[in-house]
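A short write-up of the structure that comes next.
Protein chains: 2
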Amino acid sequence: MDELTIKDIARKCGVGISTVSRAINNHPDISPETRKMVMEVIKETGFIPNNSARNLKRVDAKCIAVLIKGITNPFFGPAIQIIEKQAQKKKYALVIQHVDAYGNELEVALHLVKEKRLRGIIFLGGSYQHDPVQIAKLKVPFVFCTIGKVKDTEEKVYSNIAVDDRAESCKMTNYLLDLGHKRIAIITEGTGAESVGQLRLEGYKDALTARGIEIDEKLIYEVKDVEDPYSMESGYALAKKLLDSGVDFTAVFAIADFLAVGACRALHEAGKRIPEDVSVAGYDGLDIGEYYTPQLTTIRQPMEAMAERTAQLLLDIIDGKSKHEYISFPAELVERESTAKLGNQD
Amino acid sequence: MDELTIKDIARKCGVGISTVSRAINNHPDISPETRKMVMEVIKETGFIPNNSARNLKRVDAKCIAVLIKGITNPFFGPAIQIIEKQAQKKKYALVIQHVDAYGNELEVALHLVKEKRLRGIIFLGGSYQHDPVQIAKLKVPFVFCTIGKVKDTEEKVYSNIAVDDRAESCKMTNYLLDLGHKRIAIITEGTGAESVGQLRLEGYKDALTARGIEIDEKLIYEVKDVEDPYSMESGYALAKKLLDSGVDFTAVFAIADFLAVGACRALHEAGKRIPEDVSVAGYDGLDIGEYYTPQLTTIRQPMEAMAERTAQLLLDIIDGKSKHEYISFPAELVERESTAKLGNQD
DNA sequence: TTGTAGGCGTTATCAG
DNA sequence: CTGATAACGCCTACAA
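Which chain is which? The protein sequence lines are R and Y, in order.
Start counting the first sequence at 15; every next residue gets the next number (the numbering used here).
Start counting the second sequence at 15; every next residue gets the next number (the numbering used here).
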């Protein structure tokens, strides 16, 4: 009596096992009364079908997964909600899995596909560079969302939906340059050569180079070897380093809003006013940027729209109604309180 | 050739199925050379055992789960890391599952126990009131972490590790009272009668009542019917309502740091200085409270210590080395910049 | 040390 | 419409 199985239910109902199965799975060929009776007993006894057994046998589970990089990244919160809704609308089950910052999401995906019978996968965040061997092994359609660069091969084997991180980063840097800043420090993330942090750093360099400003390595700070590379703590620590270095700067571009917040605190503690003494810019468009004082100038990624498109695209591909695509979304530079013209502030 | 199974590996190696299984599962009775050979083939072919099949058969999987209330609650980030480490130390696999704010975590737990063969469960956040029928159905040991009230029955069927929300909330209210505030607005969460929001509200009332101050319902604001009840957005909206109501107040106690941040913004926009015009207090001890300007006075829960104790307790109970316990952790009132004496500020 | 056979709980495929 | 029965992929006695 420890674990209830479908057999017990069948016996209790005085019907065959398959009848119970049919009732559970909303199969058409079963009489309404029988179904009702069976369902009643199931409710009474609190029977829960064993998912492992189902996954093992089932071939056509309508199920997709979303793998999220980072245990607890608020950036993806709204995206998940939206994907959930889209999946529901098409009657797909959705499994949500977090992958920690230094984990290999493709690896996790491979395992998950074996365990559940996934029809498709969405990757939220993470690396844009993956082992082609692993990519080849992943037989179900998948789409990366929010993940920058992508090698444009002739035959697309996956989809990608993202903002052009390099260009947007360049845009923000140009914005700061237009405000008159020349000594712009950047706080970026350097966990690996294949993360958005690198793309955003490149965009920064692009902008400076285009204006003929030499890139000063003393103004580049990279988060490394920490559990959460996009934390306020990291931003704070690096901004402190920057301040301590004594190097001259009038603006800080943090490639994530959280980093920007941390940087703001460090600057504040050092007696710098924002934006009067130093301008600070972020990236992502998190809520906190709106509620922080000063409100953060940032690059807002259209997360909702991207998530919706991602889910639709994946579902369409599964249905054979679409091929893989690389889609670039425009981001918006949101001017707020944390940046100002050099020498003529606010 | 679509899906590799243990049989294929066995054939490729020219050994029996069970030999492969033994190699995979680190069984003792297998010759080192055979194991090595098998493992090599597995690596080459990229074979991944089907987890569903394993779960179905296995009885002694060393696996526990942690269920987290809220899709993306940064509050639990550090806790998860710690639990992960403790589990690893004891060679337990850890399944991490998020339950959305309005989902039933016990329900999810029941399903998970069936699917994987869990030895125990940790609940992070969520309701403290559960259907006794469901509780009874959950046959594996489980411990609630961070979840306030608990009915003290003679025979404990689960464990609970938490701060005394009611008392701590009372402490914070008293602190504000001691600063001279009498008109203290509270922003709390009212999603259900069984959440920590209610406990904290009670603590607030306790403090006022003890001082003979009448409770003014016009000062009580509850978040309701939103996807994320602990958001800055909610705090902002309620603080705005409070301001618009024209009711008199000199302090705001938000029962979560995020709510406090939102409230701060609303006050700031209304031209109120913090803490000169209005004191604001939070609860939880999130990072943001430290980096926000002004830094938030808050109740810091010892999340790390609680998480560690939680994991240890659960593992001990599983090993039969301990019985269920209700453990209360002390929280710390952290005085920072957002609160000040009434009429004699900062 | 290794291989064979049976079964975990379900669903799919058949006959009735 | 319903009920047996054979898989699903793996683990585990048990036999060799």
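Note that the Cβ used here is the ideal one computed from N, Cα and C, for glycine as well.
As the structure is a computational prediction, the values presented were derived from the model and not from experiment.
Starting from residue i, trace the alpha helix (DSSP H) in both directions and tell me its first and last residue.
{"i": "K128(Y)", "result": "119 to 129"}
{"i": "I97(Y)", "result": "91 to 103"}
{"i": "K185(Y)", "result": "179 to 192"}
{"i": "V2(R)", "result": "As shown, chain R starts at 15 and ends at 360. That puts residue 2(R) outside it, with no answer to give."}
{"i": "V237(R)", "result": "Per DSSP, V237(R) belongs to no alpha helix (DSSP H); it is in the beta strand (DSSP E), 234 to 237."}
{"i": "E283(Y)", "result": "271 to 283"}
{"i": "E216(R)", "result": "210 to 224"}
{"i": "T33(R)", "result": "31 to 38"}
{"i": "V147(R)", "result": "146 to 151"}
{"i": "A251(R)", "result": "246 to 259"}
{"i": "A107(Y)", "result": "No alpha helix (DSSP H) contains A107(Y), which is instead part of the beta strand (DSSP E) from 107 to 113."}
{"i": "R323(R)", "result": "317 to 332"}
{"i": "L310(R)", "result": "It is not in any alpha helix (DSSP H) - L310(R) carries neither H nor E in the DSSP assignment."}
{"i": "A354(R)", "result": "Taken as a continuous stretch (DSSP letters only), A354(R) belongs to no alpha helix (DSSP H), as it is neither H nor E."}
Within 10 angstroms of its Cβ, does residue i collect 16 or more other Cβ (buried), or is it exposed?
{"i": "I293(R)", "result": "Per the sequence shown, residue 293(R) should be read as Ser rather than Ile. Classification of S293(R): buried, given that the 10 Å Cβ count is 16 or more."}
{"i": "R131(Y)", "result": "buried"}
{"i": "T223(Y)", "result": "exposed"}
{"i": "S352(Y)", "result": "buried"}
{"i": "T59(R)", "result": "exposed"}
{"i": "V266(Y)", "result": "buried"}
{"i": "G91(Y)", "result": "buried"}
{"i": "S45(R)", "result": "exposed"}
{"i": "T167(R)", "result": "exposed"}
{"i": "V147(R)", "result": "exposed"}
{"i": "P42(Y)", "result": "exposed"}
{"i": "S342(Y)", "result": "exposed"}
{"i": "E54(Y)", "result": "exposed"}
{"i": "V261(Y)", "result": "exposed"}
{"i": "R225(R)", "result": "exposed"}
Under 6 Å Cβ to Cβ from residue i, same chain only, skipping five residues before and after it: list those, please.
{"i": "E236(R)", "result": "T202, G204"}
{"i": "K286(Y)", "result": "V292"}
{"i": "Y6(R)", "result": "Here chain R has residues from 15 to 360 only, and residue 6(R) is not among them."}
{"i": "A270(Y)", "result": "Y244, Y297, D298"}
Can you give the Cα-Cα distance for residue i and residue j, rounded to whole angstroms?
{"i": "G249(R)", "j": "G117(R)", "result": "22 Å"}
{"i": "C77(Y)", "j": "R214(R)", "result": "40 Å"}
{"i": "L300(Y)", "j": "A345(R)", "result": "29 Å"}
{"i": "I227(Y)", "j": "L329(R)", "result": "59 Å"}
{"i": "V348(Y)", "j": "L257(Y)", "result": "26 Å"}
{"i": "G211(R)", "j": "D178(R)", "result": "12 Å"}
{"i": "M51(Y)", "j": "L18(Y)", "result": "17 Å"}
{"i": "A251(Y)", "j": "S209(Y)", "result": "21 Å"}
{"i": "R180(R)", "j": "A221(R)", "result": "10 Å"}
{"i": "P308(Y)", "j": "I288(Y)", "result": "7 Å"}
{"i": "E216(Y)", "j": "I56(R)", "result": "40 Å"}
{"i": "D22(R)", "j": "C159(R)", "result": "45 Å"}
{"i": "L327(Y)", "j": "R133(Y)", "result": "13 Å"}
{"i": "R350(R)", "j": "T311(R)", "result": "5 Å"}
{"i": "N65(R)", "j": "M317(R)", "result": "32 Å"}
{"i": "I94(Y)", "j": "I229(Y)", "result": "38 Å"}
{"i": "L191(Y)", "j": "G139(Y)", "result": "29 Å"}
{"i": "A277(Y)", "j": "L233(Y)", "result": "14 Å"}
Starting from residue i, follow the beta strand (DSSP E) in both directions and report where the run begins and ends.
{"i": "G134(R)", "result": "134 to 138"}
{"i": "S342(R)", "result": "340 to 343"}
{"i": "T202(Y)", "result": "198 to 203"}
{"i": "Q143(R)", "result": "Counting along the chain, Q143(R) falls outside any beta strand (DSSP E), and DSSP gives it neither H nor E."}
{"i": "A268(Y)", "result": "265 to 268"}
{"i": "F75(Y)", "result": "Per the sequence shown, the amino acid found at residue 75(Y) is Ala instead of Phe. It is not in any beta strand (DSSP E) - A75(Y) carries neither H nor E in the DSSP assignment."}
{"i": "S336(R)", "result": "First-last for S336(R): undefined, no H or E at that position."}
{"i": "V164(R)", "result": "Neither: V164(R) is in no beta strand (DSSP E) and is coded neither H nor E."}
Spatial neighbours of residue i within its chain, please: CB distance less than 8 Å, with the 5 preceding and 5 following residues excluded, ordered by chain position.
{"i": "H338(R)", "result": "P155, V157, K170, V171, Y172, S173, I331"}
{"i": "Q111(Y)", "result": "A79, V80, L81, I82, V122, L126"}
{"i": "K355(R)", "result": "L193, G194"}
Please work out which residues of its chain come closer than 7 Å, Cβ to Cβ, to residue i, disregarding the five sequence neighbours upstream and downstream, and give them in chain order.
{"i": "K105(Y)", "result": "K76"}
{"i": "E322(Y)", "result": "I96, Q100"}
{"i": "G30(R)", "result": "A24"}
{"i": "Q359(R)", "result": "Because Q359(R) sits at a pLDDT of 43, beneath the cut-off of 50, its placement in the model cannot be relied upon, and the following sentence gives the value as read from the coordinates. P289, E290, listed in sequence order."}
(Q) Check whether the stretch 138 to 147 of chain R and the stretch 156 to 163 of chain R are in contact - that is, three or more C-beta pairs closer than 8 Å. (A) At 8 Å Cβ cutoff, the stretches touch.
Is there contact between the stretch 73 to 88 of chain R and the stretch 82 to 96 of chain Y, where contact requires at least three CB pairs shorter than 8 Å?
-> Flag = yes, the stretch 73 to 88 of chain R and the stretch 82 to 96 of chain Y touch.
Notebook entry, point to check: Are at least three pairs of beta-carbons, each pair with one atom in the stretch 33 to 45 of chain Y and one in the stretch 26 to 43 of chain R, less than 8 Å apart?
Noted result: By the Cβ criterion, the stretch 33 to 45 of chain Y is not in contact with the stretch 26 to 43 of chain R, since fewer than three pairs of Cβ atoms, one from each stretch, lie closer than 8 Å.
### Query
Between the stretch 296 to 315 of chain Y and the stretch 57 to 74 of chain Y, do three or more beta carbon pairs fall short of 8 Å?
Because the criterion of three Cβ pairs below 8 Å is not met, the stretch 296 to 315 of chain Y and the stretch 57 to 74 of chain Y do not touch.
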